[in-house]
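In what follows, a structure is listed as structure tokens, so that the remarks can point back to it.
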Amino acid sequence: MERMFLKDVESHESDTHYGRLIRKMREAGSPVPQIWHLFAFKPRMTEALSVFTQEVMRGPSPLSPGLRELIAAYTSRGNECLF
1 MERMFLKDVE SHESDTHYGR LIRKMREAGS PVPQIWHLFA FKPRMTEALS
51 VFTQEVMRGP SPLSPGLREL IAAYTSRGNE CLF
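Below, the structure is given as structure tokens:
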């Protein structure tokens, strides 16, 4: 995965939930979803986005969570976004 354009955001150390997830992914040698860096950098400002995303992807719906993930992956691929 390419490095972020915002190097200060990507290199920011955080003890938030997303900061801990980033460290675990790095330790495992796995690529880190770039949006996690933003969530770790500005947790108060991105909390609403995180809650919204979880509700859309996991909240009550006629579509199963798996189908919603598949739609998101298909859309991301169409937008040439690594998912």
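Each residue of the sequence shown is one higher than the one before, starting from 1 at the first, in UniProt numbering.
By construction, the Cβ of each residue, glycine as well, lies at the ideal position given by its N, Cα and C atoms.
T75 lies in the alpha helix (DSSP H); which residues open and close that run?
-> The sequence position of residue 75 within the sequence shown is 75, counting from 1. Start and end: P65 to G78.
Rounded C-alpha distance that separates I71 from N79 = In the sequence shown, counting from the first residue as 1, residue 71 sits at position 71. In the sequence shown, counting from the first residue as 1, residue 79 sits at position 79. Looking at the two C-alpha atoms, the distance is approximately 12 Å.
Contact the stretch 36 to 48 vs the stretch 58 to 70: 3+ CB pairs below 8 Å | no
Grouping DSSP H, G and I as helix and E and B as strand, with all else coil, what is S30?
-> To locate residue 30, count along the sequence shown from 1; it is residue 30. S30: coil per DSSP, three-state reduction.
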